[in-house]
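**Student:** Here you go, one structure.
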C-alpha cells in the first residue's frame, strides 16, 4: 500500500469512527428518554400532564436513566408551560371579575359603588399578577 492510499484509507476509517460514535451516543439517549405511561406518546396538554412529565424526569435522574443535561431542558419546558397555564388561569379570573364589575355598575347603588371600587383594586392586583409570570420568564432568559 502506498502512502497516499494508506492516508485515504485512514481518513475513511476516521470518518466512519466519528459517525459510529455519534450514532452510538444517539442510541444511548433514545432508550434513556422518559415518557410517563399515562401520556402514551402524546404531547402533554394539561397541568397534570406537565407535572407528570416533570416527576418522571426527576425519577429517571434519580435512577440514573436520564442525562442531567436533558433533564435540565425538560425542566425548562415544564416550568415555562406551567407559567403559561398560570397566566391563562389569571386571565380567566380577570375576565370574570371585569364581568362582575360591569354588572354591578349597570345596576348601581352607593353600597354597590363601594364594592366596585374594591373590585377594581382587586382587578389591578390580578393584572399585576398576570404580568409577573411573563416578566419572570423574560428575566430568567436574560
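Residue numbers (the working numbering): 224 to 365.
Even glycine gets a Cβ: it sits at the ideal position worked out from N, Cα and C.
None of the values given here were measured: they were computed from a predicted structure.
Counting only the same chain and skipping the five closest in sequence on each side, list residues whose C-beta sits under 8 angstroms from that of residue 321.
**Tutor:** Within the same chain, residue 321 has close Cβ partners 346.
**Student:** Whole angstroms are fine: how far does the CA of residue 229 sit from the CA of residue 236?
**Tutor:** Answer to the nearest angstrom: the Cα atoms are 11 angstroms apart.
**Student:** Run the CB neighbour count on residue 340, radius 10 Å, all protein chains shown included, and call it buried at 16 or more, exposed below.
**Tutor:** So residue 340 counts as exposed.
**Student:** For residue 285, count neighbouring C-beta atoms within 10 Å of its own C-beta (all shown protein chains included) and say buried if the count is 16 or more, exposed if not.
**Tutor:** Flag for residue 285 reads exposed.
**Student:** Quick check: the region 318-337 against the region 287-298, are there 3 or more CB pairs under 8 angstroms?
**Tutor:** Counting Cβ pairs under 8 angstroms, fewer than three are found: no touch.
**Student:** Are the CB atoms of residue 278 and residue 260 within a distance shorter than 9 angstroms?
**Tutor:** No. Outside cutoff.
**Student:** Beta-carbon within less than 7 angstroms of residue 272's beta-carbon, same chain only, minus the 5 sequence neighbours each way: which residues are those?
**Tutor:** Excluding positions up to five away in sequence, the list reads 262.
**Student:** CB of residue 288 to nearest heavy atom of the ligand MG: below 8 angstroms?
**Tutor:** Because no ligand of any kind appears in the structure shown, any question about the ligand MG cannot be addressed here.
**Student:** Would residue 298 and residue 283 qualify as a contact pair, given that the criterion is a beta-carbon distance under 9 angstroms?
**Tutor:** Cβ atoms of residue 298 and residue 283: not closer than 9 angstroms.
**Student:** According to the neighbour-count rule (16 or more other Cβ atoms, all chains shown, within 10 Å of its Cβ), is residue 304 buried or exposed?
**Tutor:** Residue 304 comes out buried.
**Student:** Taking 7 angstroms as the limit between beta carbons, can you name the residues of its chain near residue 316, skipping five residues before and five after?
**Tutor:** Excluding residues within five positions, the ones whose Cβ falls inside 7 angstroms are 349.
**Student:** For residue 227, count the other beta carbons within 10 Å of its own beta carbon; 16 or more makes it buried, fewer makes it exposed. Which is it?
**Tutor:** Exposed, because fewer than 16 other Cβ atoms sit within 10 Å of the Cβ of residue 227.
**Student:** Please classify residue 241 as buried or exposed, where buried requires at least 16 other C-beta atoms within 10 Å of its C-beta.
**Tutor:** Under this definition residue 241 is an exposed residue.
**Student:** Using only alpha-carbon positions, find the residue among 234, 267 and 351 that is nearest to residue 313.
**Tutor:** Comparing Cα positions, the closest option is 351.
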